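In what follows, a single structure is set out as C-alpha cells and then discussed.
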Ligand SMILES: Cc1cc2nc3c(=O)[nH]c(=O)nc-3n(C[C@H](O)[C@H](O)[C@H](O)COP(=O)(O)OP(=O)(O)OC[C@H]3O[C@@H](n4cnc5c(N)ncnc54)[C@H](O)[C@@H]3O)c2cc1C
Ligand code: SF4
Ligand code: SF4
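Chains as they are written, first to last, in our numbering: chain G, 1 to 435; chain E, 436 to 898.
So, in C-alpha cells, the structure goes:
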C-alpha cells in the first residue's frame, strides 16, 4: 500500500464494519439476486455474504477458510441487490473489500488458483487462452458468421466448454492498433477521449469502429489513446486492488495528457470503473482529485449523444424489431437505461419491444460464467428465453461482455436473434442515410 | 444431537446437494431480520422437496432429540427461524411449487416455499388476488407468512393471512402427517385447526402444503394523500372514514419525523411542516361505488382541516405511493440501524399511541419515526439507532419496554403482525397473563411432547 493511502475498505477489513452494520438483514436482496434465484441458499445472496463478513470480524471464522473463500467468490458483482436494498448497503464495496482481504491474506496467486480451480484444468486453461488468439482455427470450427465453436480438445478445461460453447472470433489485429489515435472533424462541437476497454479492443473492434463513425457523424473529434490500459475491473473483482490501482493511475495519467473534454465508453463495466470505482479505490492517494475530476467527465455513449452534445439523429431506415438488454453495470452502476432506449426509438424503422425482465443479469460476470458454469448457464438460459419470447430480430445492449454472453447463450439455445451494440445500429442507420 | 451419523442420514433423506454442513454455509442461517437478538449457528441445514422427506427428518430428530427450526425466507421480525439451540434448520426455499390454481373454486394449492409475490403474479393471470401483502412479500414465503399470520397494507378491508387459509398439510412433531380443511367454503369438521396452526410460528407443526383462498381482484381504485397540521385531525379522519362506512383498502399514516426524513431523502414533494399524512386508497368492482367512497373520504378530510391530493392517473398514484414506499429506506439512512416495532392499538386510540411514542422519544432522547397501518391501529414506531453505541442502546431498550407498556394500557397488543418469537417473549405474560401462558404450554406439550420443534419461541417453557 502506498504510504500516502488512507485506510479504505480495500486495505483494512476492520473498516468494513461501518458498511456491514447498515445491513438490517431484511432479505429484500433475495428478490433481485440472480445467483440466489438459481441456487436458493442464503450464502448466494448479499445478506448471507454480509453475515460472513460479520463473522470474520467477530472471529467466528477465518478469512482463509476454504469454503468461505469459495462463497465470497460466488458473486457476479452485478449490483442487482443494491437496487432492491432499502438500507442503501454498499454491497459492491463489501464484496470487493472482502475479496481484497482474502487476497492480502493468501496472495493473489492463491485466489486465482482457488477461483480457476473451479475450472477443471487451470494451468492448461491459461495457456490455452493465450494460444487461443493465435491459433483459433486449430481450436475452433467455424459456426456461421463470426461464431467459433471449440473442438473437443477444449472441453477438458471446464464445464462451460461443452459442444455448444461459442465465442466471437478474436480480432487478428487489435482495434487500437488499426485506428488513428486522433480523428479530427471540421467544426467539431466537442472532443471525446474514447476509452475502448479490452473486449472492444480484442473481440468487438466493429463496435469501436462504429462508435468512431457515430462520433464523426455528430462532429465530435475523437482521441483513442493507444497506450490506454484495461480499466482494472477484472483484477479488482478478484481482490487484486493494487493492480487495479496501478491501472487506474496509468489511465488517469493518459487522460491528463490528452486534455480531452470528455471520456466516452461503450462498456458498462469500463464506464462504471472510471466513474465510480476509481474515486473509491484511489481515496486518500495523490490521485484522488484526478480520479474525481475525470469521473465527472465519463459518459456512456448514449448519455453523451443525448445529454452532452447536440445529437443529429440518423435518417437512414433500418427495418428491425429490437429488444434491449440492460447491462448490470450500465444500469445499476452508471444509472443509464433510458438513453439507449431513446436512441433506439429514434432510428427510423426500428421497433423496440421490451423483454420480460430487461435488467435481469445475463450471468456473464466477467469470468463468473467460466468459473461457475452451472449457475451461470441457468441464469443465461432464463435471459435467452426472455429474449426469444419477444420475437425480436436483434437484441441490443451497451456492454461487450453481455454481448458475448448473449451471443453464446443464443447459439446454445437456438435463438434466431442477432446480438448488437446500440452503436452498431446507430452506425447502420447513418450508413443507410449516406446510401 | 448432530453428529456424523445424523448428517449421513440427512444426506440419505435429502440427497447431498440438499444438505449444508460447512461452517461458512451454516453461518448464513444464524439470523433473521430481527435486530438485537442472539444469533446461533445451526448444526446442519436441509432443503426438503417433498412431505415425505420432512416426515423422515422429524422421525430422525425425535429419535435423537434434535431441535428442528423451520425457515422460509428468514424475513421474520421476531426471531422465529433463528436456531437458538443449534440443531437442524429445515429451509423451504426449494420446496416452492405452485401445485394448482383453481379459478372456479377460487383456491390455490401451494408448497410452503412459494414466495408470496410469485403466488400473486401467478393468480393475477386469472384476474384473481391473494390479498395478504406484507411489506416483505417480494421475498417472504407462504409458509413463513402462514406461520407468522402476516398482515399487510390491505389488512383493514381484506384481513390478514388467517382469513385466506382454507386447509393445510402439516407434519406433526411426532412424525404423523395431518391434513385438514379443503376447497369447501364451509367446513366445521373437528377443531378449527387453521386458526391453531396459522400464527403458530413453527412451534406446533411443519406446514408442507397450503390451500389458499383467492378473491377476484378489484377492478377500480382511487388513491389520495392528505396532510394535517394536527395529529388529532389525522386521527379523527381515520375514525370518521370508518364511521361513515367507508372501508379503504389502504389507510396508512406517517408522522412528522417520517415525513421530514422521507422528503429529505427521496424528494417526493411532501410538505415538511405538517404533523401527519394519510395515504388512502379505496377500491372495488364498481366504478361508481369507488368514486363515491373517494368523494366521501375527501369530504371527511376537508371537515378535519386536511389538505389533499388525489391521483388521476397511474403515474400520479405511483408518485403518491412513493412516499410510503420510501418510509423505511429513508429512516434507515439516518442511523446505522433501525428497530421496527409493531405495537397495535384499537383504531380509536391511534392518536394517544402516536403522542405516547413521541413523548417516549423525547424522554430517552431518541429519534423515532412512526408510520403504519392507521386503519387497523397497527403502528410501526421505528427507532433509529447505532448498535455500536452501548449507552444509546440501553436507552433504546427502555424505550421499547415503554412502548409496549403503553400499547397494552390502551387496550392494544404486543404484536399486530410480526409475532412473538424470541423478541417479545418476555412481554407475553403482561398481555395474556399466567393462565394464558399455562394454556400455551399445555397445547405445546400435547402436540410436541419432546419439545423439538422451534424450541424457545413463542411459548415460554420456564418462568
Ligand atoms: C422489510 C420487511 C417488511 C415486513 N413487512 C411485514 C408486514 O407488512 N406484515 C407482516 O406481517 N410482516 C412483515 N414483515 C415480517 C416478515 O416478513 C413476516 O413475518 C413473514 O411472514 C416471514 O416470512 P418468511 O418466509 O421470511 O419466514 P421466516 O422468517 O423464515 O420464518 C418465520 C416463522 O415461520 C416459521 N416457518 C417458516 N416456514 C414454515 C413452515 N413451512 N412450517 C412451519 N413453520 C414455518 C419459522 O420457524 C419462523 O418461526 C416484514 C419484514 C421485513 C424484513
Ligand atoms: S452483486 Fe449480484 S450476484 Fe452478487 S449478491 Fe448482489 S445481486 Fe447477487
Ligand atoms: S436488502 Fe440490503 S439491508 Fe436488506 S438484507 Fe440485503 S443487503 Fe441487507
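Glycine is no exception: its CB is placed at the ideal position from the N, C-alpha and C atoms. Bear in mind the structure is a predicted one, so any value in this text is a computation, not a measurement.
| Check | Outcome |
| --- | --- |
| With 16 other Cβ atoms within 10 Å as the buried cut-off, status of residue 217 of chain G | buried |
| Where residue 101 of chain G sits in the DSSP three-state scheme | helix |
| Backbone secondary structure at residue 748 of chain E - three-state DSSP | coil |
| Residue(s) in a DSSP beta bridge with residue 663 of chain E | E:711 |
| Rounded C-alpha distance that separates residue 18 of chain G from residue 771 of chain E | 8 Å |
| Interface flag, residue 734 of chain E vs chain G, CB-CB below 8 Å | no |
| heavy atom of ligand 1 below 7 Å from residue 512 of chain E C-beta | yes |
| Interface flag, residue 509 of chain E vs chain G, CB-CB below 8 Å | yes |
| Contacts that residue 529 of chain E makes with chain G (C-beta to C-beta distance below 7 Å) | 40 |
| Residue 4 of chain G, buried or exposed, once every other Cβ within 10 Å from all chains shown has been counted against 16 | Any reading at residue 4 of chain G is ruled out, since the residue's pLDDT is 46, under 50, leaving its predicted position unreliable. |
| Residues bridged to residue 194 of chain G (per DSSP) | G:264 |
| Inter-residue Cα distance where the pair is residue 672 of chain E and residue 736 of chain E | 6 Å |
| Residue 213 of chain G (DSSP reduced to helix, strand or coil) | helix |
| Buried or exposed (CB count within 10 angstroms, at least 16 for buried), residue 182 of chain G | exposed |
| Runs of alpha helix (DSSP H) wholly within the segment 381-428 of chain G (minimum 4 residues, chain order) | 400-412 |
| Distance between residue 353 of chain G and residue 440 of chain E (C-alpha atoms, nearest Å) | 56 Å |
| Residue 416 of chain G versus residue 231 of chain G - alpha carbon distance | 33 Å |
| Residue environment, residue 498 of chain E, which counts as buried when at least 16 other CB atoms sit within 10 Å | exposed |
| Exposure label - residue 322 of chain G; buried when at least 16 CB within 10 Å | buried |
| Chain-ordered chain E contacts of residue 48 of chain G [CB-CB under 7 Å] | 463 |
| Distance cut-off 7 Å: residue 237 of chain G Cβ against heavy atoms of ligand 2 | no |
| Proximal residues to residue 137 of chain G (C-beta, below 8 Å), its chain only, five neighbours per side dropped | Low confidence applies here, because residue 137 of chain G scores a pLDDT of 43, under 50, leaving its location unreliable; read the following figure in that light. Result list for residue 137 of chain G: empty, nothing under 8 Å. |
| Range of the contiguous beta strand (DSSP E) that encloses residue 772 of chain E | 772-775 |
| C-alpha gap between residue 695 of chain E and residue 677 of chain E, whole angstroms | 28 Å |
| Other residues of its chain near residue 42 of chain G: CB distance less than 7 Å, five sequence neighbours each side excluded | 48 |
| Contacting residues, own chain, Cβ-Cβ under 7 Å from residue 533 of chain E (five flanking each side not counted) | 543, 545, 549, 554, 557 |
| Contact set for residue 263 of chain G: own chain, Cβ-Cβ below 6 Å, skip 5 residues either direction | 193, 195, 297, 298 |
| Ligand 1 heavy atom lying under 7 Å from the CB of residue 507 of chain E | yes |
| Reference residue 320 of chain G; option with closest CA among G:339, G:428, G:87 | G:428 |
| DSSP state of residue 689 of chain E mapped onto helix, strand, coil | strand |
| Below-8 Å beta-carbon distance, residue 212 of chain G vs any chain E residue | no |
| Same chain, Cβ closer than 8 Å to residue 274 of chain G, five either side skipped, listed in chain order | 195, 231, 251, 263, 265, 294, 295, 298 |
| C-alpha gap between residue 464 of chain E and residue 651 of chain E, whole angstroms | 38 Å |
| Own chain partners of residue 311 of chain G with C-beta closer than 7 Å, once the 5 adjacent residues on each side are dropped | 218, 305 |
| Buried versus exposed call for residue 180 of chain G [16 or more other C-beta atoms within 10 Å across all chains shown] | exposed |
| Range covered by the alpha helix (DSSP H) that runs through residue 445 of chain E | 439-449 |
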